[in-house]
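Student:
In our numbering, the protein residues as written are 1 to 269.
#1: Going by the beta-carbon positions, is the gap between residue 57 and residue 30 smaller than 8 Å?
#2: Mind checking whether residue 212 and residue 245 have CB atoms under 8 Å apart?
#3: Taking only the alpha-carbon atoms, compute the straight-line gap between residue 157 and residue 214 and give it to the nearest angstrom.
#4: Does the region 249 to 261 touch the region 102 to 113, meaning 3 or more C-beta pairs lie closer than 8 Å?
#5: Straight-line CA distance for residue 76 to residue 59?
#6: Using only CA atoms, which one of 142, 26, 52 and 32 lies nearest to residue 18?
#7: Roughly how many angstroms lie between the CA atoms of residue 98 and residue 16, to the nearest whole one?
#8: Less than 6 Å between C-beta atoms, sequence neighbours within five positions excluded: which residues of the same chain meet that for residue 146?
#9: Using a Cβ distance threshold of 8 Å, determine whether the region 236 to 245 contacts the region 2 to 13, with at least three qualifying pairs required.
#10: Expressed to the nearest angstrom, what Euclidean distance is found between the alpha-carbon atoms of residue 36 and residue 178?
#11: From the DSSP secondary-structure annotation, give me the bridge partner or partners of residue 282.
#12: For residue 70, name the three-state secondary structure that DSSP assigns.
#13: Just checking: is the beta-carbon of residue 182 within a distance shorter than 8 Å of some beta-carbon in chain B?
#14: Within its chain, find whatever has a CB closer than 6 Å to the CB of residue 262; leave out the 5 residues flanking it on each side and keep chain order.
#15: With distances taken Cα to Cα, identify the nearest neighbour of residue 265 among 106, 197, 234 and 86.
#16: Residue 249 to residue 89, Cα distance in whole Å?
#17: Within the same chain, show all residues whose beta-carbon is closer than 6 Å to that of residue 153, passing over the 5 residues directly before and after it, in chain order.
#18: I'd like the list of long-range same chain contacts for residue 160, defined as Cβ closer than 6 Å, with 5 residues on each side in sequence excluded.
#19: Could you have a look at residue 27 and say whether DSSP puts it in helix, strand or coil?
#20: Taking the Cβ atom as the reference point for each residue, do residue 242 and residue 225 lie within a distance shorter than 8 Å?
#21: At the level of alpha carbons, what is the spacing between residue 46 and residue 247?
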């Protein structure tokens, strides 16, 4: 079973419109020339527009210095009109990604990439998977779960969340020698390696549940996931396509987190 994630996420997003978003503001800092990032940013800004929230994109040239960015982040941290800050990844190679992320005020870290926000929010990719899990009634109890790819914006947060919540989960990266063997016996596979159509139907057991978090472009510059969709419905009980699968729900999760940050800010002033 597959589904139209874009439509479903939009329907859920519309249920948030009963709140007053007019004083909510999201600022996105872009320090890359990545086409996929451009698409993700448009989706986030469109979601803000749908709900009536404010959004601002600040795009930097490759000549930007770390000092300039840190000063800008500090300015946004202290701006009472700014609710949430996103540093769109990846960053230019000469910039220290972790240093920039750590500079963001935890109370404005809408992506939850620092992991330091004391408010009840989660990493957007984790929240996206959980929204889908709940909507489609996927029970992970006593299931063998394999997460492939442990990057900071993809599989890493998902793996750590599942491990911390007591699930039977194994994380695989490029150093794992038996990844394919683990996948073949897994009940749930979550892929986040960013390689176009790397996994084939033959890699999975019948009845598997597949969350495709990876995003990349093939030789034709077409947006793809990690899992080849050709024939996958014959093996998988359920799978999320790319584009239009997990991605729209990460945007939904950002808006969900943004509202929590806004409410917390209102309580503090």
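Beta carbons: idealized from backbone N, C-alpha and C, even for Gly.
Tutor: Inspection of the coordinates gives the following:
#1: Yes.
#2: Closer than 8 Å, so yes.
#3: In a straight line, the C-alpha of residue 157 is about 14 Å away from that of residue 214.
#4: Note that the region 102 to 113 touches the region 249 to 261; at least 3 beta-carbon pairs, one per stretch, sit closer than 8 Å.
#5: Approximately 15 Å between the Cα atoms of the pair.
#6: Each of 142, 26, 52 and 32 was checked against the Cα of residue 18, and the nearest Cα belongs to 52.
#7: Rounded to the nearest angstrom, the two C-alpha atoms are 32 Å apart.
#8: Shown here for residue 146: same chain residues with a beta carbon closer than 6 Å to its own, the five before and five after excluded, namely 170, 182, 183, 186 and 189 in chain order.
#9: Short answer: they touch.
#10: Cα-Cα distance, rounded: 30 Å.
#11: Shown here, the chain extends from 1 to 269; a query on residue 282 therefore has no answer.
#12: In the structure shown, the three-state DSSP call for residue 70 is helix.
#13: The structure shown contains no chain B; it is built from a single protein chain.
#14: Cβ-Cβ distances below 6 Å link residue 262 to 24 and 83 in the same chain, with the five nearest sequence neighbours on each side left out; the list follows chain order.
#15: Nearest of 106, 197, 234 and 86 to residue 265, Cα basis: 106.
#16: If you take the alpha carbons of residue 249 and residue 89, they lie about 18 Å apart.
#17: Cβ contact annotation for residue 153 (same chain, cutoff 6 Å, sequence separation greater than five): 89, in chain order.
#18: Closer than 6 Å at Cβ, skipping near neighbours: no residue.
#19: Strand at residue 27.
#20: For residue 242 and residue 225, yes; Cβs fall inside 8 Å.
#21: Straight-line measurement puts the Cα of residue 247 at about 14 Å from the Cα of residue 46.
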